[in-house]
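Residues 1 to 243, numbered by the UniProt record's numbering, are exactly what the first sequence covers, in order. Every residue, glycine too, gets a C-beta built ideally from N, C-alpha and C.
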Amino acid sequence: MPKTTLARSFGNSACSFAWEWRQSAKSGGWFAAPARAGLSEPVDFPWLDAAAAEVAHTARTLLGWEILAGGVRIRLTEVEAYAGTGVDPASHAHRGPTPRTTVMFGPAGHAYTYFVFGMHWCLNVVCGAEGEAAAVLLRAGEVVDGLDLARKRRGKVPDRDLARGPARLVVALGVDAAANGTSVVDGTGPLLLTPPTRPVTPSEVSAGPRVGVAAAHDVPWRFWITGDPTVSPYRRHVPRRRS
DNA sequence: GGGACGATGGAC
DNA sequence: TCCATCGTCCCC
């Protein structure tokens, strides 16, 4: 499936909606506000292009979609958008392709997994045009099926915490590096992404800065279902203490 | 080849 | 608030 088709299919889903982006004169930070129906999406980021903005659109339309793996089904409640080379300084693909980010530059609808802090795995869905290297980080969700299995994998934690955070979500799904580069849309890999059982409406969605990123820390490309208990807490980037 | 640091999570 | 722990990537 071509990348552009995948992105478009998300946009045409039941949870498609339009937003507009503005910069607050008071705080200087970016925020997103719902736009009138039928209004095309304005792109206000001076350092972003239209393709990059489409990643953010794809990310928020993924809320409510369900990711299935290893007998556990998770309804996505929190995601983040990351754009490609030379566009988004917070993206792994920002400086161009590397061995690690090869998958990001490949076909849409494939999983990009990466190892972080020497101990955790995180899961992205590649999207956008071929070579664009855009991806959506799956940050959190609600376990809607395979609860016992998820509990077994995550240990003794409250159910709301089973997939409350990108690394926790990966553990609950039981996936690792083996999923890297596999399709999440055609059933040939360990992961399968399916449309919402409970659609998410625009009024339910909040947007804000991405968690823990140092660069572009004010870009509101984190999207979550407002008030959902499975959404992870916001934490700003903390610079490493120098020895 | 060295070293700084991270799209985190869990213990205090 | 602190820090485990190691792959990645920049830089010398």
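When the options are compared against residue i, the one with the closest alpha-carbon
i	options	result
V205	L76, R236, E54	L76
A215	V200, P233, P239	P239
T188	L68, A59, P99	L68
R60	W224, P209, Y114	W224
E80	W221, H120, D228, G181	W221
L169	R236, H120, P195	H120
T85	R153, A129, T201	A129
R73	V219, S232, P196	P196
A83	V219, P233, R151	V219
V87	F115, E54, T201	E54
Extent of the continuous beta strand (DSSP E) run through residue i
i	result
V231	Run containing V231: none; DSSP gives neither H nor E here.
A216	Where A216 is concerned, there is no enclosing beta strand (DSSP E), given that its DSSP letter is neither H nor E.
Opening and closing residue of the alpha helix (DSSP H) in which residue i lies
i	result
V72	Run containing V72: none in the alpha helix (DSSP H); it sits in the beta strand (DSSP E), 72–82.
L68	Taken as a continuous stretch (DSSP letters only), L68 belongs to no alpha helix (DSSP H), being part of the beta strand (DSSP E) at 66–69.
R151	147–154
Per DSSP, the bridge partner or partners of residue i
i	result
R164	A140
S183	H110
T194	E66
G208	R222
H120	V116
V125	A111, V136
Nearest-angstrom Cβ-Cβ length linking residue i and residue j, presumed shorter than 8 Å
i	j	result
W65	L193	6 Å
V143	A135	Not confirmed; about 23 Å, so no contact.
A178	A172	Not confirmed; about 16 Å, so no contact.
A102	H92	Per the sequence shown, the amino acid found at residue 102 is Thr instead of Ala. Contact flag wrong, Cβ pair sits at about 11 Å.
H110	V184	7 Å
T113	N180	4 Å
residue 269	S232	Residue 269 lies beyond the residue range present for the chain, which begins at 1 and ends at 243; the question has no answer from this structure.
Alpha-carbon to alpha-carbon, residue j and residue i
i	j	result
G208	A140	15 Å
residue 250	P190	The question about residue 250 has no answer here: the residues shown for the chain are numbered 1 through 243.
P199	T58	15 Å
D186	A108	12 Å
W30	A52	Because the pLDDT at W30 is just 36, under 50, the model does not fix this residue reliably, and the value given afterwards should be weighed accordingly. About 15 Å.
G131	R236	30 Å
G212	D148	30 Å
P97	G227	37 Å
A167	K156	16 Å
F105	A133	4 Å
P34	A56	At P34, the pLDDT of 34 sits below 50, so the modelled position is not reliable; the number obtained from the coordinates is stated separately. Distance between the alpha carbons of P34 and A56: 14 Å.
P89	L123	19 Å
R153	V175	11 Å
Y234	H217	12 Å
E78	L137	9 Å
P99	G118	17 Å
A150	D161	10 Å
P202	R210	19 Å
T182	P158	31 Å
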